[in-house]
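Every letter in the sequence shown is one number past the one before it in our numbering, and letter 89, counting from 1, is 1469.
Even glycine gets a Cβ: it sits at the ideal position worked out from N, Cα and C.
In what follows, a structure is listed as C-alpha coordinates, so that the remarks can point back to it.
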Amino acid sequence: MFTDNGEDRVVVGTLDLNQCLWLPEEIAGTKPEGVEADFARAYLSNVCVAKELHRNGLGYEIVTKSKIVAEEWGITNLYVHVAIDNEPAKNLYKKSGFIQENDEPAWQARFLDRPDGFYCGLVFPCVNEL
(Lines of atoms letter the chains of each structure in order from A and count residues from 1; the text may use other names and numbers.)
(Lines give C-alpha, C1' and ligand atoms only; values in the text may rest on other atoms or scores of the structure.)
Protein backbone atom coordinates (compact mmCIF):
# COMPACT_ATOMS: atom_id res chain seq x y z
CA MET A 1 0.00 0.00 0.00
CA PHE A 2 1.18 3.53 -0.74
CA THR A 3 -0.21 7.05 -0.89
CA ASP A 4 -0.47 9.14 -4.05
CA ASN A 5 -1.75 12.72 -3.84
CA GLY A 6 -3.25 11.98 -0.44
CA GLU A 7 -5.10 8.87 -1.64
CA ASP A 8 -4.31 5.35 -0.43
CA ARG A 9 -3.33 3.02 -3.29
CA VAL A 10 -2.72 -0.72 -3.51
CA VAL A 11 -0.63 -2.51 -6.14
CA VAL A 12 -2.82 -5.23 -7.66
CA GLY A 13 -0.74 -6.26 -10.67
CA THR A 14 2.75 -5.86 -12.06
CA LEU A 15 5.15 -7.09 -14.71
CA ASP A 16 8.67 -6.41 -15.93
CA LEU A 17 9.33 -5.48 -19.55
CA ASN A 18 13.03 -5.94 -20.26
CA GLN A 19 14.66 -4.48 -23.35
CA CYS A 20 18.37 -4.93 -23.78
CA LEU A 21 21.13 -5.43 -26.28
CA TRP A 22 21.65 -9.05 -25.29
CA LEU A 23 19.01 -11.41 -23.97
CA PRO A 24 20.04 -14.61 -22.18
CA GLU A 25 20.72 -17.60 -24.40
CA GLU A 26 17.62 -19.20 -22.92
CA ILE A 27 15.57 -16.96 -25.22
CA ALA A 28 15.67 -18.99 -28.39
CA GLY A 29 12.96 -17.26 -30.38
CA THR A 30 13.31 -15.79 -33.84
CA LYS A 31 15.64 -12.81 -33.78
CA PRO A 32 14.76 -9.65 -35.71
CA GLU A 33 17.19 -8.68 -38.43
CA GLY A 34 18.59 -5.41 -39.75
CA VAL A 35 19.93 -2.18 -38.29
CA GLU A 36 19.46 -1.93 -34.52
CA ALA A 37 17.88 -5.40 -34.48
CA ASP A 38 19.59 -6.19 -31.17
CA PHE A 39 17.45 -3.51 -29.53
CA ALA A 40 14.22 -4.77 -31.12
CA ARG A 41 13.69 -7.66 -28.68
CA ALA A 42 12.20 -7.66 -25.21
CA TYR A 43 11.22 -10.17 -22.55
CA LEU A 44 8.22 -10.14 -20.21
CA SER A 45 8.84 -11.47 -16.71
CA ASN A 46 7.38 -11.44 -13.21
CA VAL A 47 3.81 -11.07 -14.44
CA CYS A 48 1.72 -11.03 -11.25
CA VAL A 49 -1.88 -10.24 -10.33
CA ALA A 50 -3.26 -10.24 -6.78
CA LYS A 51 -4.98 -13.56 -6.12
CA GLU A 52 -8.24 -11.81 -5.24
CA LEU A 53 -8.34 -10.33 -8.73
CA HIS A 54 -7.58 -13.43 -10.81
CA ARG A 55 -9.98 -14.03 -13.73
CA ASN A 56 -11.00 -10.35 -13.90
CA GLY A 57 -9.03 -9.39 -17.02
CA LEU A 58 -6.33 -7.48 -15.14
CA GLY A 59 -3.53 -9.78 -16.36
CA TYR A 60 -4.71 -9.32 -19.94
CA GLU A 61 -4.80 -5.54 -19.47
CA ILE A 62 -1.27 -5.26 -18.10
CA VAL A 63 0.12 -7.55 -20.81
CA THR A 64 -1.73 -5.46 -23.42
CA LYS A 65 -0.27 -2.27 -21.94
CA SER A 66 3.22 -3.81 -22.03
CA LYS A 67 2.74 -4.60 -25.73
CA ILE A 68 1.83 -0.94 -26.38
CA VAL A 69 4.89 0.28 -24.46
CA ALA A 70 7.10 -2.25 -26.26
CA GLU A 71 5.92 -1.00 -29.65
CA GLU A 72 6.55 2.60 -28.56
CA TRP A 73 10.13 1.55 -27.68
CA GLY A 74 10.59 0.13 -31.18
CA ILE A 75 10.34 -3.50 -30.08
CA THR A 76 9.45 -5.94 -32.85
CA ASN A 77 9.75 -9.24 -30.96
CA LEU A 78 8.46 -9.96 -27.46
CA TYR A 79 9.09 -13.19 -25.52
CA VAL A 80 7.92 -14.84 -22.32
CA HIS A 81 8.81 -18.08 -20.47
CA VAL A 82 5.80 -20.10 -19.30
CA ALA A 83 5.88 -22.94 -16.76
CA ILE A 84 4.46 -26.06 -18.36
CA ASP A 85 1.91 -26.59 -15.56
CA ASN A 86 0.71 -22.97 -15.35
CA GLU A 87 -2.58 -23.19 -17.26
CA PRO A 88 -3.80 -19.67 -16.36
CA ALA A 89 -0.55 -18.15 -17.70
CA LYS A 90 -0.66 -20.27 -20.86
CA ASN A 91 -4.23 -19.10 -21.49
CA LEU A 92 -3.32 -15.46 -20.80
CA TYR A 93 -0.42 -15.43 -23.26
CA LYS A 94 -2.39 -17.29 -25.92
CA LYS A 95 -5.24 -14.79 -25.57
CA SER A 96 -2.67 -11.98 -25.80
CA GLY A 97 -1.40 -13.25 -29.16
CA PHE A 98 1.74 -15.15 -28.12
CA ILE A 99 2.56 -18.42 -29.84
CA GLN A 100 4.59 -21.28 -28.40
CA GLU A 101 7.99 -21.30 -30.08
CA ASN A 102 9.97 -24.03 -28.33
CA ASP A 103 10.40 -26.10 -25.19
CA GLU A 104 13.00 -25.32 -22.58
CA PRO A 105 15.36 -28.26 -22.05
CA ALA A 106 14.73 -29.95 -18.67
CA TRP A 107 18.40 -29.58 -17.69
CA GLN A 108 18.17 -25.83 -18.22
CA ALA A 109 15.07 -25.51 -16.04
CA ARG A 110 16.84 -27.46 -13.28
CA PHE A 111 19.97 -25.32 -13.68
CA LEU A 112 17.87 -22.13 -13.41
CA ASP A 113 15.92 -23.66 -10.47
CA ARG A 114 12.49 -23.23 -12.05
CA PRO A 115 9.71 -25.50 -13.30
CA ASP A 116 9.91 -27.04 -16.77
CA GLY A 117 8.50 -24.68 -19.34
CA PHE A 118 8.49 -23.34 -22.84
CA TYR A 119 8.95 -20.03 -24.64
CA CYS A 120 6.29 -18.03 -26.37
CA GLY A 121 6.93 -15.28 -28.84
CA LEU A 122 5.03 -12.40 -30.36
CA VAL A 123 6.08 -10.44 -33.45
CA PHE A 124 4.72 -6.93 -34.04
CA PRO A 125 2.56 -5.78 -35.61
CA CYS A 126 0.27 -8.45 -34.26
CA VAL A 127 -3.39 -9.07 -34.84
CA ASN A 128 -5.22 -10.61 -31.91
CA GLU A 129 -7.76 -13.13 -33.19
CA LEU A 130 -10.30 -13.21 -30.38
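Under the DSSP assignment, S1425 falls in the beta strand (DSSP E) whose first and last residues are R1421 to V1429. Exposure of F1491 is indicated by the presence of fewer than 16 other C-beta atoms within 10 angstroms of its C-beta.
The beta carbons of V1391 and V1429 sit about 10 Å from each other, so the pair does not count as a contact at 8 Å.
Closest option to S1425, judged by alpha-carbon separation, among I1442, D1483, D1388 and K1431: I1442. Shortest Cα-Cα distance from L1397 to any of Y1499, I1448 and Q1488 involves I1448.
A distance of 8 Å or more separates the beta carbons of Q1399 and W1487. Residue range N1457 to A1463 is occupied by the beta strand (DSSP E) that includes L1458, with no alpha helix (DSSP H) assigned at that position.
In the structure shown, N1385 adopts coil according to DSSP, grouped into three states.
Only buried fits R1421, as 16 or more other CB atoms lie within 10 angstroms of its CB.
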